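Below is one structure, written out as structure tokens, with a few remarks after it.
In our numbering, the protein residues as written are 570 to 851.
Given below as structure tokens:
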């Protein structure tokens, strides 16, 4: 994943985030003082509520310290990051957030969802150890991919000949027949209904790389198989590349595309009925 290497600095975004947090702290402090002055009898109740709602978590403080003192910043632009940030904020509750890729943006994603579940999937075990050494509170699993970028066109044209790849029959766990299915993920991934899925990995810029074909396909299967209410928000980065764009249009569907900023596409995918034995997702 590209974001494990040094990226151009975006200090403006980081300082704005720090200034914004400081502003919130001062605002809350002001509100507490005002409440104490005019309503002394509600002082303890107000302080308790403010403490519960606004106290930053350990991972949020860690993220602020990390990005304020590091020359390595997240890969996505401010406008791209804001898309998923706004979705997390709009949900108004702890969310289940699955991220393909572990890198310099991981602390940021986890801090956006401090009371929820944020899980990272990474193909390089050594890189997992490197990142977790500095950020042990992150939760990450190593994933083995069965695909190579060089096979992207072949996989896209041939998956319809394999019944277990069909949208009406698709499944992931132990599905060795469908090469696009991520069949060996941790049980937690299969057993969780994810509210958001970010696809910014695995590597997809040279022929022998895994490519993001299986990640896109598997995200579509997970989103369509949702049993709970609401949609699954799927974010795909690097859509300026041929494979990412082609696989998004095949499995995530243009009709589900709700926002496009820079190199990021945001899809809202509703649960799908499996009554029709259709060979295509879109």
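Glycine included, C-beta positions come from ideal geometry on N, C-alpha and C.
Note that this is a predicted model, so its numbers are computed, not measured.
Quick one: using the 10 Å Cβ neighbour count with 16 as the cut-off for buried, is residue 787 buried or exposed? By the 10 Å Cβ count, residue 787 comes out buried.
If we count the other Cβ atoms within 10 Å of its Cβ and call it buried at 16 or more, is residue 598 buried or exposed? The pLDDT assigned to residue 598 is 42, lower than 50, so where the model puts this residue is not dependable, and the model offers no usable value.
Within 8 angstroms of any Cβ in chain B, is that where the Cβ of residue 627 sits? The question asks about chain B, but that chain is absent: this structure has only one protein chain.
Spatial neighbours of residue 653 within its chain, please: C-beta separation below 7 angstroms, excluding the five flanking residues on both sides. In its chain, beyond the 5 residues on either side, 765, 767, 804 have a beta carbon closer than 7 angstroms to the beta carbon of residue 653.
For residue 671, which three-state DSSP category applies? Residue 671 carries a coil assignment under DSSP once its states are collapsed to helix, strand and coil.
Note down, one range per segment and in chain order, each alpha helix (DSSP H) of at least 4 residues found wholly within the region 734-821. Positions of the alpha helix (DSSP H) runs, each at least 4 residues long and wholly inside the region 734-821, are given as 756-760, 782-793, 811-816 in order along the chain.
Report, in whole angstroms, the separation of the C-beta atoms of residue 841 and residue 793, which I expect to be a contact under 8 angstroms. Confirmed, about 4 angstroms.
Where residue 686 sits in the DSSP three-state scheme: Here residue 686 sits in strand by DSSP.
In this structure, does DSSP put residue 827 in helix, strand or coil? Here residue 827 sits in strand by DSSP.
What does the alpha-carbon distance come out to for the pair residue 812 and residue 779? Distance between the alpha carbons of residue 812 and residue 779 is about 12 angstroms.
In chain order, what residues of the same chain have a beta carbon less than 7 angstroms from the beta carbon of residue 782, not counting five sequence neighbours either side? Within the same chain, and ignoring the five residues on either side of residue 782 in sequence, the residues whose Cβ sits closer than 7 angstroms to its Cβ are 716, 721, 724, 749, 812, 816.
In the structure shown, what three-state DSSP assignment does residue 709 receive? If DSSP states are grouped into helix, strand and coil, residue 709 belongs with the strands.
Short of 7 angstroms in beta carbon distance, which residues of its chain neighbour residue 680, apart from the five on each side in sequence? Order them along the chain. Cβ within range, chain order: 628, 629, 632.
Hey, how far is the Cα of residue 784 from the Cα of residue 820? Spanning the alpha carbons of residue 784 and residue 820 requires a straight line of approximately 11 angstroms.
Could you please give the first and the last residue of the uninterrupted beta strand (DSSP E) stretch that includes residue 850? Bounds of any beta strand (DSSP E) do not take in residue 850, whose DSSP letter is neither H nor E.
Around the C-beta of residue 541, are 16 or more other C-beta atoms found within 10 angstroms, so that it is buried, or is it exposed? Since the first residue of the chain shown is 570 and the last is 851, residue 541 is not available in this structure.
If we count Cβ pairs, one from each stretch, closer than 8 angstroms, do we get three or more for the region 645-663 versus the region 682-700? Segments in contact, yes.
For the putative contact between residue 836 and residue 736, defined by C-beta atoms under 8 angstroms, what is the C-beta separation to the nearest angstrom? At roughly 15 angstroms, the Cβ-Cβ gap does not stay under 8 angstroms, so residue 836 and residue 736 are not in contact.
Whose CA, out of 747, 741, 706, lies closest to the CA of residue 726? The candidate whose alpha carbon is nearest that of residue 726 is 747.
By how many angstroms is the C-alpha of residue 624 removed from the C-alpha of residue 711? Rounded to whole angstroms, residue 711 and residue 624 show a C-alpha spacing of 32 angstroms.
Is the separation between the beta-carbon of residue 670 and that of residue 769 shorter than 8 angstroms? Against a cut-off of 8 angstroms, the Cβ pair of residue 769 and residue 670 comes out as a contact.
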